[in-house]
Ligand SMILES: Nc1ncnc2c1ncn2[C@@H]1O[C@H](COP(=O)(O)OP(=O)(O)O)[C@@H](O)[C@H]1O
Ligand SMILES: [Mg+2]
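Residue numbers (this note's numbering): 1 to 157.
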């Protein structure tokens with residue numbers, strides 16, 4: 001487990017940069033946190049670090065945004081508006097399962113039992129005007145990423 005803090009939106013994006021630097025291949029990352037805690041902001045930092053230029057739309061209404069970037073395919077989901085977890089199936093994402101796809105899921109619990117299993121969890125909470133991020137490894141892939149990340153940020157807890 002690793003606890004990080006970001007006091008501004010820019011710092012949140014910078015943590016996204018650090019996080020994705022620690023990911024060699026693909027991974028499934030669950031992003032937990034109340035509305036407005038900065039889940040999409042973290043994703044924007046990740047996408048920009050991977051070379052995406054331009055907007056990062058929140059998939060609040062579309063549920064899904066897909067990015068074909070040079071090194072990876074990124075699937076950004078916001079499942080807040082799923083009424084039943086079963087509706088996840090209609091997104092038709094089974095074909096995207098590949099070892100170099102990075103999955104970033106906001107509100108994964110709304111697709112419980114249908115979404116791919118997590119390699120890592122990021123739990124974001126408000127901390128004053130900033131945010132606290134608690135990062136947990138949930139598989140061997142996740143453990144490797146967390147180890148890389150701890151080296152990159154220079155400390156662990
Ligand atoms: N670490 C942070 N510190 C302060 N404000 C932040 C931070 N991260 C994000 N924000 C701000 O919080 C708001 C909501 O961010 P967003 O990424 O849309 O949240 P979510 O996707 O979790 O609903 C935005 O205005 C964003 O600028
Ligand atoms: Mg969001």
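For every residue, glycine included, the Cβ atom is placed at its ideal position computed from N, Cα and C.
{"Asked": "Relative to ligand 2, is the shortest distance from any of its heavy atoms to the C-beta of residue 39 smaller than 7 Å?", "Found": "yes"}
{"Asked": "Within the same chain, show all residues whose beta-carbon is closer than 8 Å to that of residue 99, passing over the 5 residues directly before and after it, in chain order.", "Found": "25, 26"}
{"Asked": "Which residues bound the beta strand (DSSP E) around residue 131?", "Found": "130–137"}
{"Asked": "Any heavy atom of ligand 2 closer than 7 Å to the beta-carbon of residue 13?", "Found": "no"}
{"Asked": "Report the rounded CA-to-CA distance for residue 18 versus residue 92, giving the unit in angstroms.", "Found": "30 Å"}
{"Asked": "For the beta strand (DSSP E) that residue 32 lies in, which residues bound it at each end?", "Found": "27–32"}
{"Asked": "Less than 7 Å between the CB of residue 109 and some heavy atom of ligand 2, yes or no?", "Found": "no"}
{"Asked": "If you compare alpha carbons, which of 79, 124, 111 is closest to residue 41?", "Found": "124"}
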